[in-house]
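Peer 1: Those letters in the sequence shown? Residues -22 to -1, 1 to 158, by mature numbering (1 follows the signal peptide of the UniProt record, and there is no 0).
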Amino acid sequence: MEVTPYLLFLLFTVSLLAVTTADDRAAMLALAKSFTPPPSDWSTTSSTGCCTWSGVRCTSESDRVTSISLEDESLAGDLAPEVSTLSELKSINLQGNKLSGTIPSLAKLNSLREIYLDSNLFQGVEPGAFAGLTSLRILSMRDNRNIFSWSFPSGIADSTSFTTVNVDNTAVSGELPDVF
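Laid out in C-alpha cells, this is it:
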C-alpha cells in the first residue's frame, strides 16, 4: 500500500488534534484540583467530558476549551499555571471568588480576548503574565486589594484590539500604554 502525501497529512492532523485535546483535558484537571471546592459537576479524578462541565465552553469540532466562566462560585485556591496551555482559550471569567496566590503567566494564550479576575484575593502577578496577548481586548482585575507592587504590563500595547482595562482598588503602578 502506497502512503500518499494526503494520507500523511490526515494522520498528522488527527494526531495533532488528539494531543492538543489531551493537553486541554490535563489543564482542566489541574484547574479542577486547584479549586477548593471545585464546581459540583467538575471532576478532580478524570477530565473526560470536561467540555460538559459548568462554565466551560469548547469548540464543537475538536473539543478545545475556548471559555471558562465561573463568576461568583465561592471558589478558593489558586489559579493553576496549567491554564496557560489552553491555547484556544478566548475568555476567562473567575471574578467574585476567593482565589489567591499568584496570577500565572497567560502570555502563551494568543487567542485570549477577555480576562476577568475581579474581586479575588490574589497576592501577586507573575512577571510577563500578560505579555504578547495580541488579541486581548479586556483586562479586568479590580478589587484585588492583596496585590502589592504590581507594575502594569507595558507589553499589553502589543494588542491592537485592547479597549478596556479595570484595575481599580488594585495596587498597580506604571504607565498605561497609549492604546486608547
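Just so you know, even glycine gets a beta-carbon here, dropped at the ideal spot from N, CA and C.
Does the region 22 to 31 come into contact with the region 48 to 57, if we say contact requires no fewer than three beta-carbon pairs (one atom in each stretch) closer than 8 angstroms?
Peer 2: no
Peer 1: Fully enclosed by the region 99 to 156, which alpha helix (DSSP H) runs are 4 residues long or longer?
Peer 2: Counting only runs of 4 or more, we get nothing.
Peer 1: In whole angstroms, what separates the C-alpha of Ile81 from that of Ser65?
Peer 2: 17 angstroms
Peer 1: Could you give the distance in angstroms between the alpha-carbon of Ser69 and the alpha-carbon of Glu60?
Peer 2: 15 angstroms
Peer 1: Since I believe Ser118 is in contact with Asp96 (beta carbons under 8 angstroms), could you give me their beta-carbon distance rounded to a whole number of angstroms?
Peer 2: Between Asp96 and Ser118 a beta carbon distance of about 5 angstroms is seen, short of the 8 angstroms cut, so the two are scored as contacting.
Peer 1: Go to Asn71, then tell me how far its beta strand (DSSP E) extends in each direction, as first and last residue.
Peer 2: Ser69 to Asn71
Peer 1: One question on the structure: do Leu7 and Ser18 come within less than 9 angstroms of each other, judged by their Cβ atoms?
Peer 2: no
Peer 1: My guess is that Phe100 and Asn122 are in contact by the Cβ rule of under 8 angstroms, so how many angstroms apart are they, rounded?
Peer 2: 5 angstroms
Peer 1: Please state the DSSP three-state secondary structure of Phe(-11).
Peer 2: Caution applies to Phe(-11), whose pLDDT of 45 falls short of 50 and renders its modelled position unreliable; the model cannot decide the point.
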